[in-house]
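There are 2 protein chains.
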Amino acid sequence: MSKIVVTGGLGFIGSHTVVELQNQGFEVVVIDNLSNSSIDVLEGIERITGKKTIYSGIDLREKKAVQAFFKEHNDIAGVIHFAASKAVGESVKNPLLYYENNLGALVYILQELEKKKEAHFIFSSSCTVYGQAEVMPIAETTPIQPALSPYGNTKQIGEEIIADVVKVSDLNAILLRYFNPIGSHPSAEIGELPIGVPQNLVPFITQAGVGLRAELSVYGNDYPTPDGTCIRDYIHVVDLAKAHVIALKRLLNRENADPLEIFNLGTGKGSSVLEVITSFEKGSGQKLPYKIVARREGDVTEAYANTDKANTILGWKTVSTLDEAIASAWKWEQKIRGN
Amino acid sequence: MSKIVVTGGLGFIGSHTVVELQNQGFEVVVIDNLSNSSIDVLEGIERITGKKTIYSGIDLREKKAVQAFFKEHNDIAGVIHFAASKAVGESVKNPLLYYENNLGALVYILQELEKKKEAHFIFSSSCTVYGQAEVMPIAETTPIQPALSPYGNTKQIGEEIIADVVKVSDLNAILLRYFNPIGSHPSAEIGELPIGVPQNLVPFITQAGVGLRAELSVYGNDYPTPDGTCIRDYIHVVDLAKAHVIALKRLLNRENADPLEIFNLGTGKGSSVLEVITSFEKGSGQKLPYKIVARREGDVTEAYANTDKANTILGWKTVSTLDEAIASAWKWEQKIRGN
Numbered sequence: 000m001s002k003i004v005v006t007g008g009l010g011f012i013g014s015h016t017v018v019e020l021q022n023q024g025f026e027v028v029v030i031d032n033l034s035n036s037s038i039d040v041l042e043g044i045e046r047i048t049g050k051k052t053i054y055s056g057i058d059l060r061e062k063k064a065v066q067a068f069f070k071e072h073n074d075i076a077g078v079i080h081f082a083a084s085k086a087v088g089e090s091v092k093n094p095l096l097y098y099e100n101n102l103g104a105l106v107y108i109l110q111e112l113e114k115k116k117e118a119h120f121i122f123s124s125s126c127t128v129y130g131q132a133e134v135m136p137i138a139e140t141t142p143i144q145p146a147l148s149p150y151g152n153t154k155q156i157g158e159e160i161i162a163d164v165v166k167v168s169d170l171n172a173i174l175l176r177y178f179n180p181i182g183s184h185p186s187a188e189i190g191e192l193p194i195g196v197p198q199n200l201v202p203f204i205t206q207a208g209v210g211l212r213a214e215l216s217v218y219g220n221d222y223p224t225p226d227g228t229c230i231r232d233y234i235h236v237v238d239l240a241k242a243h244v245i246a247l248k249r250l251l252n253r254e255n256a257d258p259l260e261i262f263n264l265g266t267g268k269g270s271s272v273l274e275v276i277t278s279f280e281k282g283s284g285q286k287l288p289y290k291i292v293a294r295r296e297g298d299v300t301e302a303y304a305n306t307d308k309a310n311t312i313l314g315w316k317t318v319s320t321l322d323e324a325i326a327s328a329w330k331w332e333q334k335i336r337g338n
Numbered sequence: 000m001s002k003i004v005v006t007g008g009l010g011f012i013g014s015h016t017v018v019e020l021q022n023q024g025f026e027v028v029v030i031d032n033l034s035n036s037s038i039d040v041l042e043g044i045e046r047i048t049g050k051k052t053i054y055s056g057i058d059l060r061e062k063k064a065v066q067a068f069f070k071e072h073n074d075i076a077g078v079i080h081f082a083a084s085k086a087v088g089e090s091v092k093n094p095l096l097y098y099e100n101n102l103g104a105l106v107y108i109l110q111e112l113e114k115k116k117e118a119h120f121i122f123s124s125s126c127t128v129y130g131q132a133e134v135m136p137i138a139e140t141t142p143i144q145p146a147l148s149p150y151g152n153t154k155q156i157g158e159e160i161i162a163d164v165v166k167v168s169d170l171n172a173i174l175l176r177y178f179n180p181i182g183s184h185p186s187a188e189i190g191e192l193p194i195g196v197p198q199n200l201v202p203f204i205t206q207a208g209v210g211l212r213a214e215l216s217v218y219g220n221d222y223p224t225p226d227g228t229c230i231r232d233y234i235h236v237v238d239l240a241k242a243h244v245i246a247l248k249r250l251l252n253r254e255n256a257d258p259l260e261i262f263n264l265g266t267g268k269g270s271s272v273l274e275v276i277t278s279f280e281k282g283s284g285q286k287l288p289y290k291i292v293a294r295r296e297g298d299v300t301e302a303y304a305n306t307d308k309a310n311t312i313l314g315w316k317t318v319s320t321l322d323e324a325i326a327s328a329w330k331w332e333q334k335i336r337g338n
């Protein structure tokens, strides 16, 4: 039973990935400093899987703590690194927080993995590295563009750091570029729980649905898209989590063709903001008040994935529809609000 | 008398800049962890200027040490940040060392400066950010190119981090992109003192001149240049140091047109490897044995500066010739080897 470290394992994507790992028999060690999550998530995970999760609250920005962790856990087969700050707007206001959190932790972990004869590493990257791609859908060969925010820059730099390390060490790595993860585990034991006002569309919608938010702002309806609102590729978080387990097994079983591989993870289908609203209204049976406001700086018009590489090489594809993903998010929101 | 912090102040460019700062009446606090320098340099500086230098040996990669330093020295008017690892080849072999040293220290220092109502910062960047530019000479508007090494990448990323911080804080910053610094102080009290085999041409030549190195390797004589060897813009380190003092005064006197300014620092004149060898032979009166070997990966054909911006806006230009710079390096080498 391989021991896998999941950093940021109590966060949104991290917690769902821990569940899928435990379902597949992996022993999981979660590192999470609770800066954007809650220790309660650990219990949610255990209620779903019935498995025990080893938990460490160390701060990955502290090199000595990272060193001590890997000394204590010297039998780790792989690391899935989710821990990072992820709000684009916050990164513009506080860039140093992002460079410190997202690069410092990465460097310290890689320094420990580099010492090993065999090390496997999965990195949370993002479709943000493509910026506004000229051609849709976005393949892994689509050119990277200059980052639109410090957040986006840390993802690009993170990819570069890993590539540099792979060239001179025994590290095997897979970079996973996520499109827009939404939804929650079907049990509604874990889900997305943003602190403060949600920066993403779906949690804002579900919070508005339970009355926590007054009105949804739709940032621009004058984009060159069929209904004028931005188009994204919304992927169910459980589908996304399963891709991590498949990628990890690929590394552990040495099926990777190259010590550094990159996969886009999305559904391959773009949905507009208004389509997401309609899906929510249909599923919940309630109207969602919204207003059209000015475009938001840094938003691209459209982004959705070419999933060919993940489909053929990982043998993975999404199974949940947009309606199902939004319904799961809504179920979770109602449950945690006691509705 | 303004108090200026010079990180890496016992290094090659740092130590010459400390001298020029003290000559201009600044009170200097040097931070240097001696990872690539010697505490003896402090005495060399004092012998030249007759001034006392405050010295701190803290490790800038330790956030708490940086915080404590700025708490103790709460009257700092500006920071000139030289401290960094700088060997291209080493950065390829050990990329994490470079990402940690060159980005960690920068982030922690900027976090302290960001807290201040007024903060001035000068960053050591490099012409390496231009890669092989299509047009010579290289102006500040010449496009940045993807980094050829982790070292070069840390300089590009450093520039990006500073630009992001300037946008949202009161920080004033000047990025100085150096071409190829050589030479030593005319007193020969301080100079370039690489640890191990020199990675740069001039210190290798002078070490060969005193018999420390057997034979110089010239990496390729089939480049599309007049004599087939690579062309660089060699700038006397004292000229370079003086540019830092001018840039600092520009910030302190609020003469900067923009909170972020960039200047290329070079002579404007390109010299080939064979021309450097000839200059040394002429100045020293001795033949230098060398052999032509294969090209070195990552070397560009030619790079020399367009100095218009620094000339007109900083009112600065180099005064030393290549022969003078090489003669000063030779004088220093002979002195430290007891010849």
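Respectively, the protein sequence lines represent chains A and B. First residue of the first sequence: 0, per numbering that gives the first Met the number 0; consecutive thereafter. First residue of the second sequence: 0, per numbering that gives the first Met the number 0; consecutive thereafter. Using N, Cα and C, we set each Cβ at its ideal position, and we do this for glycine too.
Check your understanding: Who are the Cβ neighbours of L211(B) in its own chain at under 6 Å, not counting the five residues just before and after it?
Key -> none
Check your understanding: Smallest Cα separation from V4(A): which of F11(A), I12(A), V28(A)?
Key -> V28(A)
**Study point:** V201(B) (DSSP reduced to helix, strand or coil)
**Key:** helix
**Study point:** K2(A) beta carbon less than 8 Å from that of A76(A)
**Key:** yes
Check your understanding: Along the region 79-106 of chain A, what residues have a CB closer than 8 Å to any CB found in chain B?
Key -> V91, K92, N93, P94, L95, Y98, E99, L102, G103, V106
Review point. Comparing alpha-carbon positions, which option in A104(A), Y54(A), L174(A) lies nearest S123(A)?
Key: L174(A)
Point to revise | Cβ pair count under 8 Å reaching 3, the region 221-241 of chain B against the region 296-312 of chain B | key: yes
Exercise for review: Note down, in chain order, each residue of its chain lying with its Cβ closer than 7 Å to the Cβ of A162(A), except the 5 sequence neighbours on either side.
Suggested key: L259
Check your understanding: Just the Cα atoms here: how many angstroms apart are S90(B) and L102(B)?
Key -> 13 Å
Practice item. Can you check the region 89-152 of chain A for any alpha helix (DSSP H) of at least 4 residues that lies completely inside it and give the ranges in chain order? Key: 94-98, 104-113
Review point. If you draw a straight line from the alpha carbon of I291(A) to that of F178(B), how long is it in whole angstroms?
Key: 51 Å
**Study point:** Beta-carbon neighbours of Q110(A), restricted to chain B and to distances below 8 Å
**Key:** L95, E99
Practice item. Can you give me, in chain order, the residues of the region 144-164 of chain A that have a beta carbon less than 7 Å from any beta carbon in chain B? Key: P149, N152, I156, E159, I160, D163, V164
Practice item. Classify S14(A) as buried or exposed, calling it buried when 16 or more other Cβ atoms lie within 10 Å of its own Cβ. Key: buried
Check your understanding: Less than 8 Å separating the beta-carbons of L273(B) and G208(B)?
Key -> no
Practice item. Please confirm if G139(B) has its CB atom under 8 Å from at least one CB of chain A. Key: A small fix is needed here, since residue 139(B) is Glu in this sequence, not Gly. No, its Cβ sits nowhere closer than 8 Å to a Cβ of chain A.
Review point. How would you call Q131(B), buried or exposed, if buried means at least 16 neighbouring beta carbons within 10 angstroms?
Key: exposed
Check your understanding: Roughly how many angstroms lie between the CA atoms of A242(B) and G314(B), to the nearest whole one?
Key -> 9 Å
Exercise for review: Put S327(A) into one of helix, strand or coil per three-state DSSP.
Suggested key: helix
Point to revise | Spatially closest choice to E158(A) from P149(B), K154(B), I160(B), by CA coordinates | key: P149(B)
Point to revise | C-beta atoms of V128(A) and K154(A) nearer than 8 Å | key: yes
Practice item. Measure how close the beta-carbons of K50(A) and Q23(A) come, nearest whole angstrom, since I'm counting them as under 8 Å. Key: The Cβ separation is near 11 Å, so there is no contact.
Review point. Can you list, in chain order, the residues of its chain whose CB lies under 6 Å from that of K62(A), leaving out five sequence neighbours each side?
Key: Y107
Exercise for review: Excluding the 5 residues preceding and the 5 following G43(B) in the sequence, name in chain order all residues of the same chain whose CB lies nearer than 6 Å to its CB.
Suggested key: E188, I189
**Study point:** Beta-carbon neighbours of E117(A), restricted to chain B and to distances below 9 Å
**Key:** What E117(A) touches in chain B: nothing, since even the nearest Cβ is about 18 Å away.
Exercise for review: Would you verify that the beta carbon of E296(A) is, or is not, closer than 8 Å to some beta carbon of chain B?
Suggested key: no
Review point. Using a Cβ-Cβ distance under 8 Å, would V167(B) count as near chain A?
Key: yes
**Study point:** Beta-carbon proximity list for Q144(A), same chain, < 7 Å, skipping 5 on both sides
**Key:** Y129, G130
Practice item. Measure from the alpha carbon of I204(A) to the alpha carbon of each residue in S278(A), K308(A), A138(A), then state which is nearest. Key: S278(A)
Practice item. Measure from the alpha carbon of N310(B) to the alpha carbon of each residue in L264(B), G284(B), I325(B), then state which is nearest. Key: L264(B)
Review point. How long is the line joining the alpha carbons of R60(B) and E99(B), rounded to whole angstroms?
Key: 7 Å
Check your understanding: Which residues bound the alpha helix (DSSP H) around T16(B)?
Key -> 11-22
Review point. At least one CB of chain B closer than 8 Å to the CB of E113(A): is that the case?
Key: yes
Practice item. Decide if K85(A) is buried, meaning its Cβ has at least 16 other Cβ atoms within 10 Å, or exposed. Key: buried
Exercise for review: Going by DSSP, name the residue or residues bridged to A172(B).
Suggested key: F120(B), L259(B)
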